[in-house]
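Notes for the one structure printed next.
Residue numbers (my numbering), protein chains in the order written: chain A, 3 to 116; chain B, 53 to 165.
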């Protein structure tokens with residue numbers, strides 16, 4: 003079974019620029035998550051989708067972050083404009099039904115904002 | 053937001069030693085999970101615990117779901133070099149009206165051969 007695919011692996015941008023990350027979950031997984039992992043910390047949930055609907059985006063900084071999952075399959079996460087404190091690894095995960103044992107993480111996108 | 057208190061933050065041990073780390077929370081969780089993260093990769097699930105008091109093993113790894121549902125521990129026996137990495141606990145439960153997976157800060161394990 004193919005894993006969760008993310009791209010790009012690395013991105014360096016200047017502050018106030020825009021950036022977008024892409025995630026393709028495991029086939030058949032209805033639930034998709036975006037996490038932010040700042041260096042030295044555990045992952046923090048940004049947004050959770052069930053199919054193409056948002057289940058939880060309470061920790062998403064909506065003034066600059068947006069995410070969509072238009073067809074209920076792959077997803078994009080955008081930051082516009084980026085700030086220095088957005089430097090982190092952005093992890094995408096998917097699960098079959100939102101249940102704990104089904105979580106599978108991608109390798110992440112490491113974002114550096116300079 | 054909700055935090056899990058994971059300790060220790062880092063460990064430096066000799067190959068062959070046993071390792072123990074734990075996680076505590078002020079909130080009750082329905083499920084406790086333990087993940088390992090290698091450099092440049094996403095977390096990989098090691099063990100999942102679903103019932104208070106449950107003790108589960110996966111090879112040299114043993115984890116327990118605390119009776120109070122507010123804590124969990126992970127033990128690694130007879131450590132080997134490939135055990136090096138960052139270990140995260142995670143609790144799954146209803147917080148602020150929604151089911152959420154919350155991670156600890158991680159325990160960085162370093163092994164001297």
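Glycine included, each C-beta is placed from N, C-alpha and C at the ideal position.
Straight-line measurement puts the Cα of residue 42 (chain A) at about 17 Å from the Cα of residue 73 (chain B).
Excluding residues up to 5 positions away in sequence, 50 lie with their Cβ nearer than 6 Å to the Cβ of residue 58 (chain A) in the same chain.
Taking CB atoms only, residue 52 (chain A) has no neighbour in chain B less than 8 Å away.
Within the model, the alpha-carbon separation for residue 130 (chain B) versus residue 45 (chain A) is close to 28 Å.
Taken in chain order, the complete beta strand (DSSP E) segments of 3 or more residues contained in the segment 90 to 151 of chain B are 96 to 101, 107 to 110, 113 to 117, 123 to 128 and 137 to 147. Straight-line spacing of the CA atoms in residue 62 (chain B) and residue 159 (chain B) works out to 5 Å.
Contacts with chain A at 8 Å (Cβ-Cβ) do not include residue 104 (chain B). Residue state for residue 70 (chain A) is assigned as strand, using DSSP reduced to three classes.
Under the Cβ distance rule, residue 47 (chain A) counts among the residues neighbouring chain B, one pair being separated by less than 8 Å.
Listed along the chain, the chain B residues whose CB falls inside 9 Å of the CB of residue 23 (chain A) amount to none; the nearest CB is some 13 Å away. Under the DSSP assignment, residue 18 (chain A) falls outside any beta strand (DSSP E); it carries neither an H nor an E label. Within chain A, 50, 57, 58 and 60 have C-beta atoms less than 9 Å from the C-beta of residue 150 (chain B), given in sequence order.
In the DSSP annotation of this structure, the continuous segment of the beta strand (DSSP E) that includes residue 58 (chain A) starts and ends at 55 to 58. The residues 98 and 99, in chain order, have a CB closer than 8 Å to that of residue 110 (chain B) in the same chain once the five nearest residues on each side in sequence are set aside. In terms of Cα proximity to residue 153 (chain B), the closest of A:83, A:72 and A:34 is A:34.
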